[in-house]
Amino acid sequence: MVLAFEIILVLTAVLMTVLVLLHKGKGGGLSSLFGGGVQSNLSGSTVVEKNLDRYTIIVALIWVVCIVALNLIQAYA
């Protein structure tokens, strides 16, 4: 049981990293210092971006549940 939670935790951590990096930058940051911030936001929020948000939230919730479950198993084992 613990091994399954640990595997799921590692997979969701890697998936979270990929999903967060796939998000479109929303401005500011260090890139705007060097001219990278000259972008027009005419497109707004697309369906792909909304679905990416949903997937990121779902994976984050699974990640948190695995962390809590592993802590509970460790505390009561």
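To get the working numbering, take the position in the sequence shown, counting from 1, and add 44. We put the beta carbon where it would ideally sit given N, CA and C, even for glycine.
Anticipated Cβ contact below 8 Å, residue i with residue j, distance rounded
{"i": "L63", "j": "T90", "result": "With 8 Å as the limit, L63 and T90 do not qualify as a contact, their Cβ atoms being about 16 Å apart."}
{"i": "I117", "j": "V54", "result": "About 16 Å; that fails the 8 Å criterion."}
Residue i versus the options, residue with shortest Cα-Cα distance
{"i": "R157", "options": "M60, I52 and A113", "result": "With the chain covering 45 to 121 only, the question about residue 157 has no answer from this structure."}
{"i": "H67", "options": "V92, F49, A48 and C110", "result": "V92"}
{"i": "F49", "options": "C110, N95, K94 and N115", "result": "C110"}
{"i": "L96", "options": "V58, A57 and L65", "result": "L65"}
Cβ-based burial, residue i [other Cβ within 10 Å; buried from 16]
{"i": "V103", "result": "buried"}
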